[in-house]
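**Q** As they're listed, the protein sequences go chains Y and L. Letter by letter, the first sequence follows residues 1 to 224 in this note's numbering. Letter by letter, the second sequence follows residues 1 to 224 in this note's numbering. Where a beta carbon is used, it is the ideal one built from N, C-alpha and C, also for glycine. As the structure is a computational prediction, the values presented were derived from the model and not from experiment.
2 protein chains.
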Amino acid sequence: MEKLFFVTRSEENYIKTIFHLGGNSSALIATNAIAEQMETKPSSVTDMAKKLAEKGLVHYKKYQGISLTDIGIKTALSIIRKHRLWEVFLVKKLDFTWDEVHEVAEQLEHIKSEKLIDKIDELLDFPKFDPHGDPIPSKDGKFMERDKQLLSDVELNTEGVCVGVKDTSAAFLKFLDKNKIALGNTIKVLEKEDFDQSLHIEMEGKALHISHQIASNLYIKKND
Amino acid sequence: MEKLFFVTRSEENYIKTIFHLGGNSSALIATNAIAEQMETKPSSVTDMAKKLAEKGLVHYKKYQGISLTDIGIKTALSIIRKHRLWEVFLVKKLDFTWDEVHEVAEQLEHIKSEKLIDKIDELLDFPKFDPHGDPIPSKDGKFMERDKQLLSDVELNTEGVCVGVKDTSAAFLKFLDKNKIALGNTIKVLEKEDFDQSLHIEMEGKALHISHQIASNLYIKKND
DNA sequence: ACAAATTTTTAGATTTGTCTAAATTTTAAT
DNA sequence: ATTAAAATTTAGACAAATCTAAAAATTTGT
Ligand SMILES: [Mn+2]
Ligand SMILES: [Mn+2]
Ligand SMILES: [Mn+2]
Ligand SMILES: [Mn+2]
Numbered sequence: 001m002e003k004l005f006f007v008t009r010s011e012e013n014y015i016k017t018i019f020h021l022g023g024n025s026s027a028l029i030a031t032n033a034i035a036e037q038m039e040t041k042p043s044s045v046t047d048m049a050k051k052l053a054e055k056g057l058v059h060y061k062k063y064q065g066i067s068l069t070d071i072g073i074k075t076a077l078s079i080i081r082k083h084r085l086w087e088v089f090l091v092k093k094l095d096f097t098w099d100e101v102h103e104v105a106e107q108l109e110h111i112k113s114e115k116l117i118d119k120i121d122e123l124l125d126f127p128k129f130d131p132h133g134d135p136i137p138s139k140d141g142k143f144m145e146r147d148k149q150l151l152s153d154v155e156l157n158t159e160g161v162c163v164g165v166k167d168t169s170a171a172f173l174k175f176l177d178k179n180k181i182a183l184g185n186t187i188k189v190l191e192k193e194d195f196d197q198s199l200h201i202e203m204e205g206k207a208l209h210i211s212h213q214i215a216s217n218l219y220i221k222k223n224d
Numbered sequence: 001m002e003k004l005f006f007v008t009r010s011e012e013n014y015i016k017t018i019f020h021l022g023g024n025s026s027a028l029i030a031t032n033a034i035a036e037q038m039e040t041k042p043s044s045v046t047d048m049a050k051k052l053a054e055k056g057l058v059h060y061k062k063y064q065g066i067s068l069t070d071i072g073i074k075t076a077l078s079i080i081r082k083h084r085l086w087e088v089f090l091v092k093k094l095d096f097t098w099d100e101v102h103e104v105a106e107q108l109e110h111i112k113s114e115k116l117i118d119k120i121d122e123l124l125d126f127p128k129f130d131p132h133g134d135p136i137p138s139k140d141g142k143f144m145e146r147d148k149q150l151l152s153d154v155e156l157n158t159e160g161v162c163v164g165v166k167d168t169s170a171a172f173l174k175f176l177d178k179n180k181i182a183l184g185n186t187i188k189v190l191e192k193e194d195f196d197q198s199l200h201i202e203m204e205g206k207a208l209h210i211s212h213q214i215a216s217n218l219y220i221k222k223n224d
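1. Pull up the distance between the alpha-carbon of I80/L and that of V88/L, whole angstroms please.
2. Check whether the Cβ atoms of T75/Y and H59/Y lie closer than 8 Å to each other.
3. Taking the beta carbon of D153/L as the centre, do at least 16 other beta carbons fall within 10 Å, making it buried, or is it exposed?
4. Are at least three pairs of beta-carbons, each pair with one atom in the stretch 185-201 of chain L and one in the stretch 121-131 of chain L, less than 8 Å apart?
5. Which chain L residues sit within Cβ distance under 8 Å of K139/Y?
6. Skipping 5 residues on each side, what residues in its chain have a beta carbon closer than 8 Å to that of S25/Y?
7. Taking 8 Å as the threshold (beta carbon to beta carbon), is K93/Y in contact with chain L?
8. Between V104/Y and chain L, is there a C-beta pair that is closer than 8 Å?
9. Measure from the alpha carbon of H209/Y to the alpha carbon of each residue in G184/Y, K222/Y, L151/Y, then state which is nearest.
10. Hey, does K82/L have any beta-carbon neighbour from chain Y nearer than 8 Å?
11. Contact between the stretch 196-205 of chain Y and the stretch 136-146 of chain Y is defined here as three or more beta-carbon pairs at a separation below 8 Å; is this criterion met?
12. Strictly by DSSP, which residues pair up with V189/L?
13. Could you check the C-alpha separation between I214/Y and T168/Y for me, to the nearest Å?
14. Out of L94/L, L57/L, D47/L, Q37/L, which has the shortest C-alpha to C-alpha gap to V7/L?
15. Which residue from V165/Y, T17/Y, E204/Y puts its Cα closest to that of L77/Y?
16. Let me check understanding here. Comparing Cα to Cα, which of P137/Y, Y219/Y, E155/Y, N157/Y lies closest to L176/Y?
17. When you compare only the Cα positions, how much space is there between S138/L and E159/Y?
18. Using the C-alpha atoms, what's the distance from Y14/L back to A53/L?
19. Quick check: is the beta carbon of L116/Y nearer than 8 Å to any beta carbon in chain L?
20. Who are the neighbours of Q213/Y on chain L, taking C-beta pairs under 7 Å?
21. Kindly identify the DSSP beta-bridge partner or partners of A207/L.
22. If you measure beta-carbon to beta-carbon, which residues of the stretch 142-173 of chain Y are closer than 8 Å to chain L?
23. Give a yes or no on whether the C-beta atoms belonging to F19/L and I73/L are separated by under 8 Å.
24. What would DSSP say about G141/L, mapped onto helix, strand or coil?
25. Just grab the DSSP bridge partners of P42/Y for me.
26. Check whether the Cβ of S78/L lies closer than 8 Å to any Cβ atom in chain Y.
27. I need the straight-line Cα distance from F129/L to V165/L, nearest angstrom please.
28. Identify every residue that forms a DSSP beta bridge with K61/Y.
29. Roughly how many angstroms lie between the CA atoms of G22/Y and K51/L, to the nearest whole one?
30. Between the C-alpha atoms of S43/L and H212/L, what's the straight-line distance to the nearest angstrom?
31. Rounded to whole angstroms, how far is the Cβ of K112/Y from the Cβ of Q107/L, which I believe are closer than 8 Å?
32. At the level of alpha carbons, what is the spacing between N32/L and Q64/L?
33. Can you pull the chain L neighbours of S113/Y, defined as C-beta to C-beta under 8 Å?
34. Tell me whether the beta-carbon of L116/L lies closer than 8 Å to the beta-carbon of V104/Y.
35. Do E155/Y and N185/Y have their C-beta atoms closer together than 8 Å?
36. Answer with yes or no whether the minimum CB distance from K206/L to chain Y is below 8 Å.
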């Protein structure tokens, strides 16, 4: 007793959103939070909550909040796996840039074929992270959360490597491109401005001055 | 004035079906024919006919029949292009067999991204035919109909090459696999049985006896 | 040409996913 | 502990895509 019901595209999008808002574990996610994230109305979320509870994908108690069941979590991980693998495919095989992939992956993540996604995984040589540095769940739902910190949180003189972005908007990613900031680049924190918390850093040997807004959306992995 | 409206997945499926039933040119396609092909009810087809006419994708006159407008034809060709390119992709890049690809392509053909399909086209080196021998329309809607004939229609001693299948069902394709009949194989018609119209042929040098049903679903290109 | 058969359309209902506006419950503030 | 504010749910509506049953138009057979 597991894949009992067909899950629609809309249901998949709700499940994914609940997961991203932390609805795994036993945290209860608010109706409003889901509505805001999905740019829909709270009443629509309530309607869907009932439907998903009916299908055994979420726990739902009126007025209390929503969280994913085990099956819901498995479903979410499967969608996220597909989304991220397609993103890697688009970048590695079709020369998409990292700011172009999300939109298309939003569509591709709903394609229903286990064989398809497993073959894509194989074609890409089983990547562990997507183009934004986010981990890719394996077929059985496991994934390694990388040891990473926001650049804005590390102390002076820290050296490391860019490993991910928090903000994945096209606008932010294009800004990073323009400033030659890319995942894999080496980085060192040279100075912190107390006044505006901007940072003077060295990236791949070149000096760069970046705002707090940028630093608080870039993940780095500190050198051992 | 061209891509005026958003075309839904359901509308795309109707457009494609009308095209395949010959609704390009000015032939009028019957409501019942469309309903049968799509395994839906005639009343649903009528409803959709009105919607598509409203959007300028089909010509529709009550009780007379349905045909595609120029925009409708362009739309159909774009969907068919996507379907067939994805089929080639699945076979060439992901080792799908030709009997497995159709189902998945039915989903992938609805992905909306011009860049995606053009890059897939490029990755595959601009194939002209899909795994079943059907021509792939180019970006601008042109395609070459191959010079081909049903094996059941050619005369005795004809020599040629298998270039396509008429029946694309998984059952038929698997049958061909089992009998080592593949596109690209050389073929020669040795003898025709008058009684049941079965054929004795030579395929890649090996003798084979095939029924009329098989011969009438295999396309060959005669040697010059 | 005209009745019978067939095809097609209409009318009305259903499901899914969404919305607005009103009612209810929970939470926060005094 | 009340009251005010905020969050959530309900009730009722709507659009899309489908269906069934009945009505209308067309085609066919004699
Ligand atoms: Mn993404
Ligand atoms: Mn990503
Ligand atoms: Mn196909
Ligand atoms: Mn095909």
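**A** According to the structure shown:
1. As a first step, residue 80/L is located in the second sequence; it is residue number 80 there, counting from the start. As a first step, residue 88/L is located in the second sequence; it is residue number 88 there, counting from the start. Distance between the alpha carbons of I80/L and V88/L is about 12 Å.
2. Taking the first sequence and counting its residues from 1, the one referred to as residue 75/Y is at position 75. Taking the first sequence and counting its residues from 1, the one referred to as residue 59/Y is at position 59. It is not a contact, given that the beta carbons lie outside the stated cut-off.
3. Here residue 153/L is taken as the residue at index 153 of the second sequence, counted from 1. Under this definition D153/L is an exposed residue.
4. no
5. Translated into positions along the first sequence, residue 139/Y becomes position 139. Per Cβ cutoff of 8 Å: no residues; K139/Y is ~16 Å from chain L at best.
6. Here residue 25/Y refers to the residue found at position 25 of the first sequence. If we look at S25/Y and ignore the five residues flanking it on each side, its Cβ neighbours are S67.
7. Counted from its first residue, the first sequence places residue 93/Y at position 93. Closer than 8 Å to some Cβ of chain L, the Cβ of K93/Y qualifies, so yes.
8. Start at 1 with the first residue of the first sequence, and residue 104/Y comes out as number 104. Residue contact with chain L for V104/Y: present (Cβ-Cβ distance below 8 Å to some residue of chain L).
9. As a working mapping, residue 209/Y is identified with position 209 in the first sequence. When only C-alpha atoms are compared, the closest one is L151/Y.
10. Counting from 1 along the second sequence, the entry for residue 82/L is found at position 82. It does not: the Cβ of K82/L has no partner Cβ on chain Y nearer than 8 Å.
11. no
12. Looking up residue 189/L in the second sequence gives position 189. Beta-bridge pairing links V189/L to I201/L.
13. Within the first sequence, residue 214/Y is the residue found at index 214, counting from 1. Within the first sequence, residue 168/Y is the residue found at index 168, counting from 1. Approximately 12 Å between the Cα atoms of the pair.
14. Along the second sequence, one-based indexing puts residue 7/L at 7. It is L57/L whose Cα lies nearest to the Cα of V7/L.
15. As a working mapping, residue 77/Y is identified with position 77 in the first sequence. The option with the nearest alpha carbon to L77/Y is T17/Y.
16. As a position in the first sequence, residue 176/Y is number 176, starting the count at 1. Closest option to L176/Y, Cα to Cα, is Y219/Y.
17. Taking the first residue of the second sequence as position 1, residue 138/L is located at position 138. Taking the first residue of the first sequence as position 1, residue 159/Y is located at position 159. S138/L and E159/Y: Cα-Cα distance of roughly 51 Å.
18. By one-based count along the second sequence, residue 53/L stands at place 53. By one-based count along the second sequence, residue 14/L stands at place 14. The alpha-carbon atoms of A53/L and Y14/L are separated by roughly 12 Å.
19. Walking along the first sequence from the start, residue 116/Y turns up at place 116. With 8 Å as the cut-off, L116/Y counts as an interface residue toward chain L.
20. Walking along the first sequence from the start, residue 213/Y turns up at place 213. Neighbours of Q213/Y on chain L: none; closest Cβ ~30 Å, over 7 Å.
21. In the second sequence, residue 207/L corresponds to position 207, counting from 1. According to DSSP, A207/L bridges with E202/L.
22. Answer set for the stretch 142-173 of chain Y: empty.
23. For the purposes of this step, residue 19/L is identified with residue 19 of the second sequence, where counting begins at 1. For the purposes of this step, residue 73/L is identified with residue 73 of the second sequence, where counting begins at 1. When the beta-carbon positions are compared, F19/L and I73/L come within less than 8 Å of each other.
24. Here the question's residue 141/L lines up with position 141 in the second sequence. DSSP places G141/L in coil when its eight states are reduced to three.
25. What you label residue 42/Y is simply residue 42 of the first sequence in a count that begins at 1. DSSP lists no partner for P42/Y.
26. One-based indexing of the second sequence puts residue 78/L at position 78. Interface residue (Cβ-Cβ distance to chain Y less than 8 Å): S78/L is not classified as such.
27. Taking the first residue of the second sequence as position 1, residue 129/L is located at position 129. Taking the first residue of the second sequence as position 1, residue 165/L is located at position 165. Looking at the two C-alpha atoms, the distance is approximately 12 Å.
28. Indexing the first sequence from 1 puts residue 61/Y at position 61. In DSSP, K61/Y forms a bridge with G65/Y.
29. Taking the first sequence and counting its residues from 1, the one referred to as residue 22/Y is at position 22. Taking the second sequence and counting its residues from 1, the one referred to as residue 51/L is at position 51. G22/Y and K51/L: Cα-Cα distance of roughly 42 Å.
30. To locate residue 43/L, count along the second sequence from 1; it is residue 43. To locate residue 212/L, count along the second sequence from 1; it is residue 212. When rounded, the distance between both Cα atoms is 37 Å.
31. The residue given as residue 112/Y occupies position 112 in the first sequence. The residue given as residue 107/L occupies position 107 in the second sequence. About 7 Å separates the two Cβ atoms, so the contact holds.
32. As a working mapping, residue 32/L is identified with position 32 in the second sequence. As a working mapping, residue 64/L is identified with position 64 in the second sequence. Approximately 12 Å, taken between the alpha carbons.
33. By 1-based counting over the first sequence, the position of residue 113/Y is 113. Listed along chain L are E103, V104, Q107, each with a C-beta nearer than 8 Å to that of S113/Y.
34. Counting from one through the second sequence, the residue named residue 116/L turns up at place 116. Counting from one through the first sequence, the residue named residue 104/Y turns up at place 104. Closer than 8 Å, so yes.
35. As a working note, residue 155/Y is residue 155 in the first sequence. As a working note, residue 185/Y is residue 185 in the first sequence. Taking 8 Å as the Cβ cut-off, E155/Y and N185/Y do not qualify as a contacting pair.
36. Locating residue 206/L in the second sequence gives position 206, where the first residue counts as 1. Chain Y, which has no Cβ nearer than 8 Å to the Cβ of K206/L, makes this no.
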